[in-house]
Amino acid sequence: MAKADNIFNIRGRLGDFIFCQRNGKTYVKRYSGGFTKAATQNHPNIKVGQERFAQVSRYVKSLKQQLQPYLWRQKDGTFHNQLMATFLQIAKNETEKTFNELIHELDSYSSLSNKSLNKNSKIDPSTLLYDAKTNKLNLGIIPYELAVKYKGLFLEVATGWYGVNDGEIFLTESNRQYVKLDGQTKNEDQLVDFAPADDLDGQLPFVGLAVVYTDDATSESPHPVHTVMACFVETRNG
45 MAKADNIFNI RGRLGDFIFC QRNGKTYVKR YSGGFTKAAT QNHPNIKVGQ ERFAQVSRYV
105 KSLKQQLQPY LWRQKDGTFH NQLMATFLQI AKNETEKTFN ELIHELDSYS SLSNKSLNKN
165 SKIDPSTLLY DAKTNKLNLG IIPYELAVKY KGLFLEVATG WYGVNDGEIF LTESNRQYVK
225 LDGQTKNEDQ LVDFAPADDL DGQLPFVGLA VVYTDDATSE SPHPVHTVMA CFVETRNG
């Protein structure tokens, strides 16, 4: 880089030269080219990334609407960003397909089984298990763990089915049941009926859990961030 000994304080590009100031002195170097904003925005990789982000954004918007019957108590302001991060990661891991192709393949959701979609929830869904043969949901150790802090309250269990129909995702109407958090033992299986499904092969079992004050669908949750949770559920076929 050359130094310009002159009285002008020139900065930036001038023709084929770049001028900059350093320690009160002016330096000049030849412009070597590079990405302009327009070139960057039109780069094929940038276009692919932008379209993928837009696809994920549209999906998350639709999913949040479908989740309302399961997560209407959710008051976590970061929930949208949590969903975006989750599904952007899925898109990143499967670059050979468009995100729209991925969400139509139920196998793409396998990495989400028994993982809470709302990351700040304190309800751990790792022990949930759906038995396709009996159409029962085993809550595992969840009622026992929650009863330690919320004894006397109720665990609302909303079950339903997630699927894709004519290119649109959907969640069936939730089937709510209530389990009183009182007297559960650590090794006790807690079974509840699961919502019936018309097509088990084309749908995934989905569960929403919430700790509530009373066994009523309008009951509030003691902590609408930590005590509300929704997830896809692992399936046992027999």
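In our numbering, the protein residues as written are 45 to 282. Glycine included, C-beta positions come from ideal geometry on N, C-alpha and C.
| task | Starting from Asn209, follow its DSSP beta bridges and name the residues at the other end. | result | Glu212, per the DSSP bridge assignment.
| query | Measuring CB to CB, does Leu197 end up less than 9 Å from Val256? | reply | yes
| task | Could you tell me the boundaries of the alpha helix (DSSP H) in which Asn219 lies? | result | Under the DSSP assignment, Asn219 falls outside any alpha helix (DSSP H), being part of the beta strand (DSSP E) whose first and last residues are Asn219 to Lys224.
| query | Looking only at its own chain, which residues have a Cβ that is under 8 Å from the Cβ of Leu225, when we skip the five neighbours before and after it? | reply | Pro187, Leu190, Ala191, Tyr194, Lys195, Gly196, Leu197, Phe198, Leu199 and Val255
| What separation, rounded to the nearest whole angstrom, lies between the Cα atoms of Ser155 and Glu145? | 16 Å
| field | Helix, strand or coil at Tyr174 according to DSSP, with G and I counted as helix | value | strand
| field | Start and end residues, alpha helix (DSSP H) containing Thr130 | value | Phe123 to Asn137
| field | Asp151, DSSP secondary structure in three states | value | helix
| How close, in whole Å, do the beta carbons of Ala239 and Gln247 come, if the pair is a contact with beta carbons under 8 Å? | The C-beta distance from Ala239 to Gln247 rounds to 10 Å, too long to meet the 8 Å contact threshold.
| task | Measure the C-alpha to C-alpha separation of Val92 and Gln133 and round it to an integer number of angstroms. | result | 15 Å
| query | Which residues in the same chain have their Cβ closer than 7 Å to the Cβ of Thr271, if we skip the five residues on either side of it in sequence? | reply | Sequence-distant Cβ neighbours of Thr271 in its own chain, meaning closer than 7 Å and more than five residues away, are Lys166, Ile167, Ala254, Val255 and Ser265.
| request: With DSSP collapsed to three states, give me the class of Tyr75. | output: coil
| field | Buried versus exposed, by CB contacts within 10 Å (16 or more), Gln94 | value | exposed
| How is Glu264 classed by DSSP in three states: helix, strand or coil? | coil
| Among Pro113, Thr203 and Glu140, nearest to Leu235 - alpha-carbon criterion | Thr203
| query | Got a sec, what are the start and stop residues for the beta strand (DSSP E) Ile62 sits in? | reply | Phe61 to Arg66
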